[in-house]
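Notes follow once the structure below has been shown.
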Amino acid sequence: MIKINNLNKTFYPNTPREFQALQNINLHIKEGELTILEGVSGSGKSTLLSLIAALQKPTSGEIIVDNESIAKLPDFHASQLRAKKIGFIFQAFHLFENLSVEENISLVLIPLNFSQQDINQKVKRALQKANIEHKSKERVSNLSGGEKQRCAIARALANNPKIILCDEPTANLDKTNSLKFIEELKELKEMGKTILISTHDPLFREISFSDKVVEIEGGKIKI
């Protein structure tokens with residue numbers, strides 16, 4: 229599902245601020261696998277996720293997502309890729325606080341030119357899957373941290389993507405809600421989703437349903 233070959237990412241190249249965030253990354257993730265990226269803050273985990281989601285472009289190397297090479301995709305096609313195939317759960321949620329839960333979820337479907345009826349159906353299914361349907365009309369600013377997390381999950385699931393990317397998903401949650409989120413990840417895996425999680429939360433070391441753990445240190449995969 230995801231193939232990464234000889235991937236490099238350098239910020240501010242050929243300047244005094246030059247920084248090599250990722251160096252010669254090689255990683256293959258099969259369809260339906262749950263992979264954990266471990267590493268301290270600044271190790272390159274978030275950069276790797278953003279490259280897989282085509283939010284940034286690599287300096288060199290190859291990224292193939294669902295048999296499509298994405299390293300050099302134009303921005304419009306990159307946004308279409310994300311809308312159709314990738315659900316991204318951000319560390320800081322990136323929700324619109326003044327909109328309702330269902331409005332936040334609807335926004336990711338609008339660019340795909342669905343009818344309003346289709347959007348309503350997809351939003352309802354996503355709310356049910358994330359167990360947040362009872363808060364559908366609630367403004368996001370009124371939600372708890374755990375409820376915002378479930379709203380972010382629902383948004384990521386809205387168009388039934390094949391791939392779920394999670395960037396430090398428990399960083400803003402207490403232990404109780406973190407454990408609930410891990411249970412939700414298990415359900416997503418059982419649905420056949422390919423899941424990649426960036427984290428340094430020790431709770432993830434205890435889960436039994438991950439397929440592999442990849443440690444990143446200083447922009448390199450630790451062998």
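The number in this note's numbering is simply the position in the sequence shown, starting from 1, with 228 added. Glycine included, C-beta positions come from ideal geometry on N, C-alpha and C. All figures in this text were calculated on a predicted structure; none of them were measured in a lab.
With contacts defined by Cβ atoms closer than 8 Å, H428 and G270 do not form a contacting pair. Rounded to the nearest whole angstrom, the CA to CA distance from S297 to S288 is 13 Å. In the same chain as Y240, and ignoring 5 residues on each side of it, the C-beta atoms closer than 8 Å to its own belong to E246 and F247, in chain order. Residue environment analysis places Q377 among the buried positions, since at least 16 neighbouring C-beta atoms fall within 10 angstroms of its C-beta. Annotation: L431 to K403 spans about 9 Å, alpha carbon to alpha carbon. Within the model, the alpha-carbon separation for L276 versus I391 is close to 14 Å.
For the pair E330 and L301, the CB atoms are not nearer than the 8 Å cut-off.
Contact between the region 341-349 and the region 308-325 is absent: fewer than three C-beta pairs spanning the two stretches fall below 8 Å.
It is roughly 20 Å from the alpha-carbon of A249 to the alpha-carbon of I230. Boundaries cannot be given for D429, as no alpha helix (DSSP H) includes it and DSSP labels it neither H nor E. Only residues of its own chain outside the window of five on either side were considered, and among them L265, G267, S426 and I444 have a CB closer than 7 Å to the CB of K273, listed in chain order. With a 10 Å radius around the Cβ and a threshold of 16 neighbouring Cβ atoms, A320 comes out exposed. As DSSP reads the structure, K448 sits in a beta bridge with E445. In this structure, I257 sits near T422, with a CB-CB distance shorter than 8 Å.
I317 is a Cβ neighbour of C394, given a cutoff of 8 Å.
For L250, the enclosing beta strand (DSSP E) has its first and last residue at F247 to I257. In the DSSP annotation of this structure, the continuous segment of the alpha helix (DSSP H) that includes D346 starts and ends at Q344 to K357. In this structure, the alpha-carbon of L323 lies about 25 Å from that of M419.
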